[in-house]
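Scroll down for the structure; my scribbles are underneath it.
Residue numbers (mature numbering (1 follows the signal peptide of the UniProt record, and there is no 0)): -29 to -1, 1 to 155.
Structure representation (structure tokens):
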């Protein structure tokens, strides 16, 4: 009996390890919260959700000329737009926004002071989620990275121990959209 049990446990553990390794790869469904064991955590967004993280993703998609409405609801049109983005940038097109898609979007949306585009609108939406914690004022969603957006960004970066700069890095996007964000 002990040999039988050990065999079953060993086979089960082997299957879990093999299956886990498959699931962790970027070619699989994007439900991972990290791209590596030591990497930053990202939320997983999918069809049916409604929040400001979804709205941020919608503006980031528009920034890359993948047009989608921005109602803060992850519906079929947003899912299709996410699949288009994923296909365009070499990701598995599953329509979910997990660690791999977030990292890809953030690395392509490093906006800087004086920019005018939909990536700035994504930044403004994300910063507004934190305004109560940072003491920043509510930003109008204009798409212009001017003095008001810079002040809000600097307050956010200071509050969360990030380097204060006029560029939005992947680390800043991660903190703005990460699983601990107040919008979740």
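Cβ coordinates follow ideal geometry from the N, Cα and C atoms, glycine included.
- Ranked by how close their Cα comes to the Cα of residue 34, the residues 52, 135, 22 and 61 have 52 in first place.
- Between residue 64 and residue 54, the C-beta gap is smaller than 7 Å, which places the two residues in contact.
- Using a 10 angstroms sphere on the CB of residue 87, the tally of other CB atoms stays under 16, which defines it as exposed.
- Counting C-beta atoms within 10 angstroms of its own C-beta, residue 126 has 16 or more neighbours from the protein chains shown and is therefore classed as buried.
- Here the alpha carbons of residue 74 and residue 40 stand approximately 22 Å from one another.
- Residue environment for residue 108: exposed (fewer than 16 other C-beta atoms within 10 angstroms of its C-beta).
- Residue 144 holds the alpha-carbon nearest to the alpha-carbon of residue 128 among 90, 144, 117 and 114.
- In the DSSP assignment, the residues bridged to residue 115 are 87.
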